[in-house]
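Right, one structure below, let's go through it.
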Amino acid sequence: MSDNSDVYTPPKVWAPAESGGQFSGVNRPTAGAREEKELPVGEHPFQLYSLGTPNGVKVTTMFEELLEAGYSDAEYDAWMIKIFDGDQFGSGFVDLNPNSKIPALLDRSGDTPFRVFESGAILVHLAEKFDFLLPRTNPARAETLSWLMWQMGSAPFIGGGFGHFYVYAPERYKYPIDRYAMETKRLFDVADQQLAKTEYLAGNDYTIADIAAYTWLGNLYHGAYNRCDIFLSLDEYENVGRWVKTIDKRPGAIRGRIVNTQAMAERHSSADFDKVEDRSLFEPVRTRPDSL
Ligand SMILES: N[C@@H](CCC(=O)N[C@@H](CS)C(=O)NCC(=O)O)C(=O)O
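For the sequence shown, the working numbering assigns the number 4 to the initial residue and increments by one for each residue that follows.
Structure representation (structure tokens):
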């Protein structure tokens, strides 16, 4: 028996309807550009078009980790794409990512500029280009790519599933919240059991798999989605907690999560971090975000 009063009987053929909820104003069942809008281009080899959400922060963290490690060729301009205002449907952005989702990268480091979209593809591209945080040989390489793809495949259950129904949907419905709370906890348990055996996800070294998984699991662990850490009893996952707190302290992770947020809408050089007014953002233990 469902607890919801308005049980839905699907019509024979589905048609879009105004559903309410936080993304209902921008989402449509069609792809492609909705308006002509060029993207700005800065002076660095890499142009990132993104937002400070977990998928976006994966890439800014990777750039900041590269720069922290001394790879000065990894300088980048990060431009904010306001997804709640529909910037992802401008023609310039759609040329970079036909799927209209942040993050999207324009690599101008060689003779011919090219695009890379999907956060996981961008991480692999940068890791290979700089030979950084992705082991060259197997089994460590296979293990890293496996955990990276695990994260890419599971993020929609956490964000589009649990986060959507627990926070963004116009009302709280028991069935989807139960379903995705269960799946989110199961995913935490997968990571927790792995992290009982190894320091980082793919072994004892920090890799791009950790960057990808930390932006999601770390955010929830720290209370995103209206303190879902309490709702989901995330303190149970002690190995995830140890791993999150270790990565919390990394300068690259700290800087990565500031870029393309209100605190730093655009990033064009490391000096931009000096202009951030709220210095508490640079502390390893974050205040718990209300919602992401
Ligand atoms: N699989 C994609 C997912 C990207 C994604 O879902 N981006 C969200 C923000 S975190 C977005 O741009 N949403 C805008 C929309 O759905 O219109 C990736 O990892 O890059």
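Virtual Cβ for every residue (Gly too), placed ideally from N, Cα, C.
Here the distance from the Cβ of T56 to the nearest heavy atom of ligand 1 is below 7 angstroms. Between A81 and E269, the CB-CB gap stays under 8 angstroms.
With a threshold of 16 other beta carbon atoms within 10 Å, D110 meets it and is buried. In this structure, the CA atom of A18 is about 16 angstroms from the CA atom of A34. Contact check for F191 against V243 passes: the beta carbons are separated by less than 8 angstroms. Per DSSP, reduced to three states, the secondary structure at L51 is strand.
About 5 angstroms separates the Cβ atoms of P57 and W219, confirming a contact at the 8 angstroms cut-off. Uninterrupted alpha helix (DSSP H) stretches at least 4 residues long and entirely within the stretch 209 to 295 occur at 211 to 224, 227 to 234, 241 to 251 and 254 to 259, given in chain order.
Relative to ligand 1, the beta carbon of K40 is positioned no closer than 7 angstroms to any heavy atom. Assignment of Y203 by DSSP, reduced to helix, strand and coil, places it in the strand class.
Residue range S94 to L99 is occupied by the alpha helix (DSSP H) that includes V97. Assigned with DSSP and collapsed to three states, A34 falls in coil, not helix or strand. V262 sits buried, since 16 or more C-beta atoms from the chains shown fall within 10 Å of its C-beta. Put simply, the backbone Cα of A172 is about 36 angstroms away from that of E202. In this structure, DSSP gives R139 a state outside helix and strand, which the three-state scheme calls coil.
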